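K.L.:
Here this note's numbering is used: the first residue of the sequence shown is 2, the next is one more, and so on.
For glycine and all other residues, C-beta sits at the position ideal for the given N, C-alpha and C.
Here the structure is a predicted model, which means the values were calculated and not measured.
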Amino acid sequence: MSENSTPVFVITGAPNKGKSTFVKALTNDPNVVIKSTAGTTTKSKPYHYYKKNSEGDMEKLLTLWDTPGFENQAEVFEILNDWKKEGHERPLELIQKYVNTYKGHPDHKREVEIFKPLVDFACIIYVADCSKSFSKEDYLREIQLLQFTNLPRIAILNPIDGNLHIESWREGLRQYFHTIKVFNPHKTTFEEKLSTLSALSHLHDKWERPINYVIDLIENDRKQILEESARIIRKTVLEIFDNEFEINVDPLQDDDEHKEELLKQARKFVINKMNSSQKKINSLFGIDIEIELTENYEDNDLFSETVRKRNLSPHQRGFIWAVGGGAIGALIDAAAGGLTFGVFTAILSSGGYATGYFSDFKPQDLLNIKKYINSERKEKIKVKSLNPEIGFLVINRLRQVVSNLHNRTAANTEKIVINKDLDKKSLLKISKLINQISKSKKQRYSESNKKELFDFIHQKLIEDQKGHPGQMN
Ligand SMILES: Nc1nc2c(ncn2[C@@H]2O[C@H](COP(=O)(O)OP(=O)(O)OP(=O)(O)O)[C@@H](O)[C@H]2O)c(=O)[nH]1
Ligand SMILES: [Mg+2]
């Protein structure tokens with residue numbers, strides 16, 4: 002038996018149990034075909050983890066073979082057993098003999114495909130759907146066929162429609178597999194994916210090191226992706242707060258109309274920036290998935306009353322307004338440890354806070370507006386800055402995009418729906434950072450402003466992944 006130095010795994014199982022889904026979840030390869038109909042995969046195909054070596058070539062680090070589902074397992078089992086009784090060949094020699102003998106035979110197409118990648122030694126991954134009950138009648142022959150190979154084997158229990166029958170599967174498979182692991186390739190988190198790779202590393206001692214190497218690479222790669230995501234989010238915020246929205250004053254229009262026009266500009270700008278950042282973050286993760294901010298447009302609009310009400314209590318709004326107005330710089334520092342009642346009392350006396358807290362909200366109020374006459378003696382009206390609240394919402398939405406993508410694989414093509422904006426605890430800090438940025442706009446941001454904003458966002462991205470995989474607190 003010749004052994005590959007690169008670990009090779011062959012994914013097997015009955016039709017439509019998520020074999021291809023498993024391969025796609027682990028490799029993120031967009032070419033893996035997944036369909037709801039049984040019999041989708043008809044040819045065996047290898048998918049790889051690669052690394053660029055020092056010569057610039059792609060080096061294979063790990064191979065996963067996607068194979069068709071079993072079809073003729075009972076007959077094949079009989080053939081192999083008869084041969085075994087007759088001669089002295091070892092299991093893999095018999096498998097090779099089977100492949101040679103039945104190649105091209107119409108009743109053996111799938112089994113020949115399944116066995117082809119096994120003859121050079123591979124570990125077997127058997128995928129079963131543990132939301133359906135285990136039945137010896139249906140599955141025993143294919144399981145015994147895998148046992149016949151005498152190759153190291155792991156069973157992956159995929160809870161396609163729930164965990165209902167895990168125990169019956171465990172019981173049924175125990176004597177045939179070295180390891181049994183529950184893994185849902187549709188809903189896996191980043192950690193679970195790594196833990197599955199780690200389980201694979203224990204099947205064959207010679208492959209432990211190369212698989213651990215792959216795990217290290219994936220972890221490092223992910224670290225870099227989170228850093229780059231933080232950079233993208235920071236850039237988005239800076240660009241949004243850097244942009245000048247300006248129109249000529251039309252003497253026939255009143256100020257409300259002017260503000261309405263400026264609001265349109267700002268809205269469009271912010272939405273475009275958010276969309277393009279989301280696309281960039283998507284491509285970092287290598288997952289081409291549509292992101293829907295929320296189900297309806299009204300909720301999508303960062304300037305809308307609905308979004309503000311959902312995310313910010315009147316107190317919090319008031320606080321941001323006060324920060325935005327810069328009325329109480331010293332108090333912000335004092336309050337950074339937590340919002341005490343005393344602080345609120347003090348803030349209430351400041352004009353900024355009162356505006357945010359009590360006024361009937363109009364989206365135009367999120368624009369800090371200034372009228373002026375330029376050097377050509379034209380009267381202009383412009384947005385000096387947006388309210389920091391917008392920055393808070395932008396950062397938190399993009400954080401959610403990152404968090405979703407981090408715990409998602411290419412196997413899950415459901416749209417990402419983002420319908421909440423979270424993390425009220427960081428509100429104060431974000432408001433303060435954004436306030437610094439919008440104030441220092443004229444002189445450009447200082448490097449330390451920029452670094453502080455990056456560190457804050459980056460730290461949040463790391464916390465999001467550590468605390469609650471797939472969601473933020
Ligand atoms: N909800 C859910 N659906 C899943 C899961 N795993 C697989 N599916 C779905 O089940 C169907 C079959 O998945 P495939 O990965 O194509 O199954 P397969 O075992 O490769 O099937 P064949 O190639 O036909 O043998 C697809 O519609 C998948 O989206 C899961 O964990 N959860
Ligand atoms: Mg398939």
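CB of Ile161 to nearest heavy atom of ligand 1: below 6 Å?
P.N.:
yes
K.L.:
Which partner residues does Asn249 have in the DSSP bridge list?
P.N.:
Lys381.
K.L.:
Out of curiosity, what's the CA-to-CA distance linking Ile144 and Glu114?
P.N.:
17 Å
K.L.:
By the 10 Å Cβ neighbour count, where 16 or more other Cβ atoms means buried, how is His106 classified, buried or exposed?
P.N.:
exposed
K.L.:
Indicate whether Ala15 and Phe78 have their beta-carbon atoms separated by less than 7 Å.
P.N.:
Note that the C-beta distance between Ala15 and Phe78 is not below 7 Å.
K.L.:
Can you tell me whether Leu253 is buried or exposed, with buried defined as 16 or more other CB within 10 angstroms of its CB?
P.N.:
exposed
K.L.:
Considering only C-alpha positions, which residue in the set Thr190, His205, Leu141 and Gly163 is nearest to Ile155?
P.N.:
His205
K.L.:
Where does Leu303 fall in DSSP's three states?
P.N.:
coil
K.L.:
Note down, in chain order, each residue of its chain lying with its Cβ closer than 8 Å to the Cβ of Tyr51, except the 5 sequence neighbours on either side.
P.N.:
Met59, Glu60, Lys61 and Leu62
K.L.:
Do Ile438 and Phe242 have their beta-carbon atoms positioned less than 7 Å apart in this structure?
P.N.:
yes
K.L.:
Can you give me the C-alpha to C-alpha distance between Asn54 and Ser376, rounded to a whole angstrom?
P.N.:
59 Å
K.L.:
In or out: Ala412 buried (at least 16 other Cβ within 10 Å) or exposed?
P.N.:
Label assigned to Ala412: buried.
K.L.:
Taking all protein chains shown into account, decide if Val128 is buried (16 or more other Cβ within 10 angstroms of its Cβ) or exposed.
P.N.:
By the neighbour-count criterion, in which 16 or more other beta carbons inside 10 Å mark a residue as buried, Val128 falls on the buried side.
K.L.:
Is the beta carbon of Gly389 less than 7 Å from the beta carbon of Asn436?
P.N.:
Note on residue identity: the sequence assigns Pro, not Gly, to residue 389. The answer is yes: Cβ separation under 7 Å.
K.L.:
Return yes when at least one heavy atom of ligand 2 lies under 6 Å from the C-beta of Ser404, else no.
P.N.:
no
K.L.:
Which residues in the same chain as Ser134 place their Cβ atom closer than 7 Å to its Cβ, once the five residues preceding and following it in sequence are excluded?
P.N.:
His166 and Ser169
K.L.:
Check this for me: beta carbons of Asn408 and Thr190, under 7 Å apart or not?
P.N.:
yes
K.L.:
Could you please give me the residues that DSSP links to Thr64 through a beta bridge?
P.N.:
Val9 and His49
K.L.:
Would you say the beta carbon of Gly1 comes nearer than 6 Å to a heavy atom of ligand 1?
P.N.:
Outside the shown range of the chain, which is 2 to 474, sits residue 1, and nothing can be said about it.
K.L.:
Does the distance between the C-beta of Ser21 and the nearest non-hydrogen atom of ligand 2 fall short of 6 Å?
P.N.:
Yes - ligand 2 has a heavy atom lying nearer than 6 Å to the Cβ of Ser21.
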